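Student: Sending over a structure as structure tokens; questions will come in a sec.
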Amino acid sequence: MKITVVGTGYVGLVTGACLADVGNDVLCLDVDPEKIRILNEGGIPIFEPGLPEMVRRNAEAGRLRFTLDVERAVAHGTIQFIAVGTPPDEDGSADLQYVLAAARNIGRLMNDYKLIVDKSTVPVGTADKVQAAVADELAKRAAALPFSVVSNPEFLKQGAAVDDFMRPDRIVVGAADERAVQLMRALYAPFQRNHERLLVTDVKSAELIKYAANAMLATRISFMNELANLAEALGADIEMVRQGIGSDPRIGYHFLYPGCGYGGSCFPKDVKALIRTAADDAGIEMQVLSAVEAANQAQKHVLTAKVKARFGADLTGRRFALWGLAFKPDTDDMREAPSRELVADLLAAGATVQAYDPEAMREARRIFGDDARIAYATNPMAALEGTDALIIVTEWKEFRSPDFAAIKAALKSPVIFDGRNLYPPEQPHAAGLDYYPIGRRQP
């Protein structure tokens, strides 16, 4: 199939590369000349395991190409994926200007049937707006050309996106006509040879499924975070509680790990957007999700509270080592990352920071600029040099089995604050370290 993907961000690039990898002829469009230059030179503008090799392989085979030419992109694909950004507006609602601009370009330039696929995470009702935008552009030039609009939300985890796309647990397609459904079935046939994974729904249900899925996962995280705070106050151990409730098959173990809050490009944005959609389009107050958002925002300051409880509210002259800056491991994404709130809190209290992250330090430099109060180390142990305590913010694998004796020797004070509960408390304690996890009972 000939496929056009509009947008070469996280979703667009993974989608384009994976579709090319099963033999499709894919052209990716972006308006950012720097992104297209990097891609055409064999580079990747984002960090995602397995993606560079896939992009390179399919580009060399001629199945994956990149362009700034909108007219060429519209002409190329019978299927046109819209995978552009939908950043939150000031009120939390999703900004659809890039989605609708892409739709208008298709309507303005198309000369034959197009299947337009909303791949971006968009509010319920967006497909209707895309349909109207394309129809309006066709009407302007008195062109009676057929087209379909479907919703096909992505369910990609950063750090595992390639595998998620190639081996999906479900493929949701919201469509209103059989021609579109059959094209989507043919497109996704290579990804479901083992058993049927494609769920066909109406368009609005498909749009809501994506938001509902992310909102549910965010709810589990915030619930466990609040439960961890309670366990700590009561002298219980949240790890034992997690195992006790996770063993119930109605609950399960997934997304029951407490920590210092969720971040990234999806959960915070999608929770806010669903709250806003409910209020604006249905007059409904999403009380649970409002609490989820508030609890998450508060959780991002739990590590700060622990630091101040140990070292005092005035941290002037203190220097802290940070392990982890990305919102989760296996990505360089720092959007809404707990590390950003923590760094801001520490600096505001007079402290300085020495940070290490395997992938996100370039992004951190972009975010924090040339702030002299923030230094970056070349490895985890180097981050400890001259610091008063270690704060763990991201659960990278290389942090999981450290030399606790070496950590103690490197720190001015033998203190670890662990925002991801990486270690059984008895391990750092046995090495003479004061250990402050979230919700764990101390030995």
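So the sequence shown is numbered by my numbering: it starts at 1051 and just counts up by one.
In this text, a Cβ means the ideal position worked out from N, Cα and C, and glycines have one as well.
Since we're looking at a predicted model, the values are computed, not measured.
1. Since D1075 is in the beta strand (DSSP E), which residue starts that stretch and which ends it?
2. Runs of 3 residues minimum, wholly inside the region 1195-1270: which ones carry the beta strand (DSSP E) assignment?
3. DSSP three-state call for T1065: helix, strand or coil?
4. By the DSSP assignment, the alpha helix (DSSP H) with D1331 in it spans what residues?
5. Bridge partners for K1052 per DSSP, in chain order?
6. Would V1253 and A1225 qualify as a contact pair, given that the criterion is a beta-carbon distance under 8 Å?
7. Can you check which of these residues, P1218, A1262, M1274, S1272, is closest to R1247 by C-alpha distance?
8. Quick one: does the C-beta of D1178 sit closer than 7 Å to a heavy atom of the ligand HEM?
9. Is the CB-CB distance between D1320 and S1143 below 8 Å?
10. Is A1492 helix, strand or coil when you go by DSSP?
11. For K1164, name the three-state secondary structure that DSSP assigns.
12. What are the uninterrupted segments assigned as beta strand (DSSP E) that are 3 or more residues long and contained completely in the region 1113-1187, given in chain order?
13. Would you check if the distance between the CB atom of M1336 and the CB atom of L1324 is smaller than 8 Å?
14. Would you call the CB atoms of I1441 and P1308 closer than 8 Å?
15. Considering only C-alpha positions, which residue in the set F1418, H1351, R1416, T1366 is nearest to E1391?
16. Among A1211, Q1181, K1190, P1478, which residue has its Cα nearest to the Cα of V1200?
17. Short of 6 Å in beta carbon distance, which residues of its chain neighbour S1389, apart from the five on each side in sequence? Order them along the chain.
18. Can you tell me which residues form a DSSP beta bridge with R1369?
19. How is V1443 classed by DSSP in three states: helix, strand or coil?
20. For V1120 and A1344, what's the separation of their Cα atoms in angstroms?
21. D1468 bridges to which residues according to DSSP?
22. Since I1096 is in the beta strand (DSSP E), which residue starts that stretch and which ends it?
23. In terms of residue numbering, what span does the beta strand (DSSP E) encompassing A1192 cover?
24. Should D1178 be labelled buried (16 or more other beta-carbon atoms within 10 Å of its own) or exposed?
25. With respect to the beta strand (DSSP E) encompassing I1301, which residues constitute its N-terminal and C-terminal limits?
26. Of the choices M1216, W1446, D1382, whose alpha-carbon is the least far from that of R1416?
27. Look up A1425 in the DSSP assignment and say whether it is helix, strand or coil.
28. Per DSSP, what kind of secondary structure is D1484 in: helix, strand or coil?
29. Could you tell me which of R1243, E1204, G1157, G1302 sits nearest to A1125, measuring between CA atoms?
30. Whose C-beta lies closer than 7 Å to the C-beta of V1134 among residues of the same chain, with five residues either side of it excluded?
31. Could you tell me the boundaries of the alpha helix (DSSP H) in which M1104 lies?
32. Can you tell me which of M1384, M1290, A1401 puts its alpha carbon nearest to the alpha carbon of D1021?
33. Leaving aside the five residues before and after E1098 along the sequence, list all residues of the same chain whose C-beta is less than 6 Å from its C-beta, in chain order.
34. With a cut-off of 8 Å on the beta carbons, I'd call R1292 and D1141 a contact; round off their distance for me.
Tutor: By the coordinates alone:
1. Position 25 of the sequence shown holds residue 1075. Element bounds for D1075: 1075-1079.
2. Runs found: 1197-1201, 1221-1224, 1248-1251.
3. As a position in the sequence shown, residue 1065 is number 15, starting the count at 1. For T1065, the secondary structure class from DSSP, reduced to helix, strand or coil, is helix.
4. Numbered from its first residue, the sequence shown carries residue 1331 at position 281. Run containing D1331: 1317-1332, per the alpha helix (DSSP H) assignment.
5. Locating residue 1052 in the sequence shown gives position 2, counting from the first residue. According to DSSP, which records beta bridges pairwise, K1052 is partnered with D1075.
6. The count along the sequence shown starts at 1 and reaches residue 1253 at position 203. The count along the sequence shown starts at 1 and reaches residue 1225 at position 175. A contact, by the Cβ cut-off of 8 Å.
7. Locating residue 1247 in the sequence shown gives position 197, where the first residue counts as 1. Nearest of P1218, A1262, M1274, S1272 to R1247, Cα basis: P1218.
8. This structure lacks the ligand HEM; in fact it carries no ligand of any kind.
9. Locating residue 1320 in the sequence shown gives position 270, where the first residue counts as 1. Locating residue 1143 in the sequence shown gives position 93, where the first residue counts as 1. Going by C-beta atoms, D1320 is not nearer than 8 Å to S1143.
10. Within the sequence shown, numbered from 1, the residue matching residue 1492 stands at position 442. Here the sequence assigns Gln to residue 1492, which means Ala is not the residue at that position. Three-state result, Q1492: coil.
11. In the sequence shown, residue 1164 corresponds to position 114, counting from 1. DSSP places K1164 in strand when its eight states are reduced to three.
12. 1114-1117, 1129-1132, 1164-1168, all fully within the region 1113-1187.
13. Taking the sequence shown and counting its residues from 1, one reaches residue 1336 at position 286. Taking the sequence shown and counting its residues from 1, one reaches residue 1324 at position 274. In contact: M1336 and L1324 (Cβ atoms closer than 8 Å).
14. Taking the first residue of the sequence shown as 1, we reach residue 1441 at position 391. Taking the first residue of the sequence shown as 1, we reach residue 1308 at position 258. Between I1441 and P1308, the C-beta spacing is not below 8 Å.
15. As a working mapping, residue 1391 is identified with position 341 in the sequence shown. The shortest C-alpha separation from E1391 is found at H1351.
16. Position 150 of the sequence shown holds residue 1200. The residue with the shortest Cα to Cα distance from V1200 is Q1181.
17. Reading the sequence shown from its first residue, position 339 is the one you call residue 1389. Around S1389, the same chain offers L1375, V1443 as residues with beta carbons nearer than 6 Å, after the five sequence neighbours per side are excluded.
18. Here residue 1369 corresponds to residue number 319 of the sequence shown, with the count starting at 1. For R1369, DSSP records a beta bridge to T1402.
19. As a position in the sequence shown, residue 1443 is number 393, starting the count at 1. Three-state DSSP puts V1443 in coil, outside helix and strand.
20. Position 70 of the sequence shown, counted from the start, is the residue given in the question as residue 1120. Position 294 of the sequence shown, counted from the start, is the residue given in the question as residue 1344. If you take the alpha carbons of V1120 and A1344, they lie about 41 Å apart.
21. Position 418 of the sequence shown, counted from the first residue, corresponds to residue 1468. BP columns for D1468 point to I1442.
22. In the sequence shown, the residue the question calls residue 1096 occupies position 46. First-last for I1096: undefined, no H or E at that position.
23. Stepping through the sequence shown from its first residue, residue 1192 is reached at position 142. Counted as a single uninterrupted DSSP element, the stretch harbouring A1192 is not any beta strand (DSSP E), since DSSP gives it neither H nor E.
24. Here the question's residue 1178 lines up with position 128 in the sequence shown. With fewer than 16 other CB atoms across the displayed protein chains lying within 10 angstroms of its CB, D1178 is exposed.
25. The residue you call residue 1301 lines up with position 251 of the sequence shown. Counting along the chain, I1301 falls outside any beta strand (DSSP E), and DSSP gives it neither H nor E.
26. Residue mapping note: residue 1416 aligns to position 366 of the sequence shown, counting from 1. Nearest of M1216, W1446, D1382 to R1416, Cα basis: D1382.
27. One-based indexing of the sequence shown puts residue 1425 at position 375. In the structure shown, A1425 sits in a strand (DSSP, three-state: E or B).
28. Against the sequence shown, residue 1484 aligns to sequence position 434. In the structure shown, D1484 sits in a strand (DSSP, three-state: E or B).
29. Within the sequence shown, numbered from 1, the residue matching residue 1125 stands at position 75. Nearest C-alpha to A1125: G1157.
30. Along the sequence shown, read from residue 1 onward, the residue named residue 1134 stands at position 84. Non-local beta-carbon contacts of V1134 in its own chain, meaning distances under 7 Å to residues more than five positions away in sequence, involve V1056, G1057, Y1148, V1149, A1152, S1170 in chain order.
31. The residue you call residue 1104 lines up with position 54 of the sequence shown. For M1104, the enclosing alpha helix (DSSP H) covers residues 1101-1110.
32. The structure shown does not extend to residue 1021, since the chain is modelled only from 1051 through 1493, so no value can be given for it.
33. The residue given as residue 1098 occupies position 48 in the sequence shown. Same-chain partners within the cutoff: A1211.
34. Locating residue 1292 in the sequence shown gives position 242, counting from the first residue. Locating residue 1141 in the sequence shown gives position 91, counting from the first residue. In this structure R1292 does not touch D1141 by the C-beta definition: roughly 35 Å separates them, more than the 8 Å allowed.
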